[in-house]
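So the structure is just underneath, and the comments pick up after that.
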Amino acid sequence: MTDPSALVAERVDKLLAELDPATTDQVEFRGRQYDLGLAWVHFPEGFGGLGLRPVLQRDIDRRLHGAGAKLPGARHFFGLTMAGPTIVTNGDEALRQRLLRRAFTGEDAWCQLFSEPGAGSDLAGLATKAVRDGDEWVVSGQKVWNTLAHVADRGMLVARTDPEAPKHKGLTYFALDMHAPGVEVRPLRQITGEAEFNEVYMTEVRVPDGDRIGEVGEGWRVAMTTLMNERTTIGGGGGAPPRGSGAIAEAVRIWDDEVAHKSPAMRDRLVRLWIEAETLRLTNIRAGQNRKAGNPGPEGSIAKLRFAEVNMAIYELCVDLLGADGQVGFDYEMRRAESLGLTGPPGTSRTMFLRARANSIEGGTSEIQRNILGERVLGLPGEPRIDKDLPWSQVPR
Ligand SMILES: Cc1cc2nc3c(=O)[nH]c(=O)nc-3n(C[C@H](O)[C@H](O)[C@H](O)COP(=O)(O)OP(=O)(O)OC[C@H]3O[C@@H](n4cnc5c(N)ncnc54)[C@H](O)[C@@H]3O)c2cc1C
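Our numbering applies: residue -8 is where the sequence shown begins, and numbers increase by one.
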């Protein structure tokens, strides 16, 4: 059997010999990357992968980036990190053929349509309904907090298909066409002034049964694939950033360039957070190297929880280091965000301080991560769930 690292190196050589990543159109370059099995290296052959260990993706990305390939942008984010793994794990052959390549190239930008006004932490209680009509489903309901839905072509949609089944059992997962008649996206403005996320209203939207991901009634299980990948991604477990990069780099930059009166107490805070950031980075690298299979498990909640705490603390330190200057320079202008960033470029720590407030909410709150860790990693007794076996239609709301 060919050595996996050698196979990957050979494919990367081939890709770079055929196309120059610095000058080739990104869709074309990423399309060829997909065809050579270098998109998600742990996916099966023919679907953007080579069936190898996920850790090898880092070598691929490092080499391509070193050769001038652009980093994936907002158009790729949800497709790359969540929709791709969800489709390859749960979708049928036709769906994989139709959607995976386009998600990787960014021809289809994706968004996540999970949360609702009455269902966030209690996602399984959601009320958006999908009613079967021949070869189609008719979907009506409202989603909320949907990041970048305004630029999305497809939505990862979980809807209720059987209100008489217990709440976790009556759900089905769809790849919603965001341009279909009846889909309306409205901006939601956040504390930074910009509108990165949205409300999405669906009024009798017709969804072909061919766009269903997984079996009818299996939506909860399919959604778990999405959520575990989301938590690992937010926690930083999807890559191996260099030591001292990200938010902590900005804190060090401010300390070096902008702090006039340096106090030992502030230096102590900075060093402690640098160590925390480095511990998180190393924990993520170790967890990634131990992962033999494609999808992460509940241990992704460790990274998510810790990332939220460390990132918020670092940006708080940045603003404290800036002193009175940290309180000015916000414009609160309403912008439609077209990119995503949990850490910002140099000079943006005032805005990132506000944006970071969301870290302990997005992708599941810190309290929910603690519940998952307690129950599914440590094996502690579960919290009482009195509505678990009731038909959803009888659960008081
Ligand atoms: C920046 C941002 C981006 C987002 N992007 C998306 C997106 O793209 N798509 C999407 O579908 N959603 C998105 N969300 C929504 C996010 O997933 C939800 O906000 C989150 O799951 C919490 O749900 P909620 O807001 O309804 O709060 P609630 O569930 O109402 O929680 C309120 C409070 O109660 C606590 N709580 C609730 N249940 C429990 C429990 N069992 N034990 C202990 N404490 C509990 C929570 O921790 C929280 O503090 C985004 C949110 C943010 C902030």
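By construction, the Cβ of each residue, glycine as well, lies at the ideal position given by its N, Cα and C atoms.
Since the structure is predicted, the reported quantities are computational estimates derived from the model, not experimental observations.
Checking 8 Å against the spacing of the C-beta atoms, do residue i and residue j come in under that value?
i, j, result
"residue 183", "residue 294", "no"
"residue 158", "residue 386", "yes"
"residue 268", "residue 239", "yes"
"residue 50", "residue -1", "yes"
"residue 66", "residue 118", "no"
"residue 169", "residue 103", "no"
"residue 325", "residue 334", "no"
"residue 285", "residue 108", "no"
"residue 140", "residue 191", "yes"
"residue 297", "residue 264", "no"
"residue 71", "residue 79", "no"
"residue 371", "residue 292", "no"
"residue 227", "residue 275", "yes"
"residue 368", "residue 289", "yes"
"residue 243", "residue 237", "no"
"residue 198", "residue 167", "yes"
"residue 75", "residue 330", "no"
Check residue i in the structure and name its three-state DSSP category.
i, result
"residue 88", "helix"
"residue 126", "coil"
"residue 203", "strand"
"residue 226", "helix"
"residue 323", "coil"
"residue 101", "strand"
"residue 291", "helix"
"residue 145", "strand"
"residue 65", "helix"
"residue 162", "strand"
"residue 193", "strand"
"residue 382", "strand"
"residue 340", "helix"
"residue 372", "coil"
"residue 59", "coil"
"residue 116", "helix"
"residue 250", "coil"
"residue 421", "Within the shown structure, residues of the chain are numbered from -8 to 388, placing residue 421 beyond reach of any answer."
"residue 311", "helix"
"residue 243", "helix"
"residue 40", "strand"
"residue 34", "coil"
"residue 46", "coil"
"residue 175", "strand"
"residue 397", "Nothing about residue 397 can be read from this structure; the chain reaches only from -8 to 388."
Write down the C-beta distance between residue i and residue j rounded to the nearest angstrom, noting that I regard them as a contact closer than 8 Å.
i, j, result
"residue 48", "residue 97", "Not confirmed; about 17 Å, so no contact."
"residue 149", "residue 105", "6 Å"
"residue 2", "residue 28", "6 Å"
"residue 163", "residue 121", "6 Å"
"residue 218", "residue 116", "Residue 218 to residue 116, Cβ: 15 Å. No contact."
"residue 392", "residue 210", "Past the boundaries of the shown model lies residue 392; the chain is included only from -8 to 388, so the question cannot be answered."
"residue 95", "residue 30", "5 Å"
"residue 43", "residue 33", "6 Å"
"residue 85", "residue 201", "7 Å"
"residue 383", "residue 161", "6 Å"
"residue 308", "residue 381", "About 47 Å; that fails the 8 Å criterion."
Nearest-angstrom Cα distance between residue i and residue j?
i, j, result
"residue 216", "residue 299", "21 Å"
"residue 305", "residue 130", "42 Å"
"residue 362", "residue 287", "17 Å"
"residue 128", "residue 145", "16 Å"
"residue 273", "residue 221", "19 Å"
"residue 358", "residue 19", "43 Å"
"residue 9", "residue 138", "36 Å"
"residue 153", "residue 101", "26 Å"
"residue 196", "residue 310", "45 Å"
"residue 319", "residue 39", "47 Å"
"residue 313", "residue 185", "23 Å"
"residue 6", "residue 336", "30 Å"
"residue 178", "residue -4", "45 Å"
"residue 259", "residue 341", "21 Å"
"residue 88", "residue 36", "12 Å"
"residue 396", "residue 126", "What the structure shows of the chain is the stretch from -8 to 388, and residue 396 is not part of that stretch, so it cannot be assessed."
"residue 25", "residue 193", "33 Å"
"residue 165", "residue 302", "33 Å"
"residue 12", "residue 4", "12 Å"
"residue 99", "residue 69", "10 Å"
"residue 231", "residue 279", "9 Å"
"residue 332", "residue 375", "36 Å"
"residue 366", "residue 378", "18 Å"
"residue 349", "residue -7", "45 Å"
"residue 62", "residue 14", "14 Å"
Examine ligand 2 and report whether any of its heavy atoms sits within less than 7 Å of the Cβ of residue i.
i, result
"residue 83", "Questions concerning ligand 2 fall outside what the structure shown contains, since the ligands it does hold are ligand 1."
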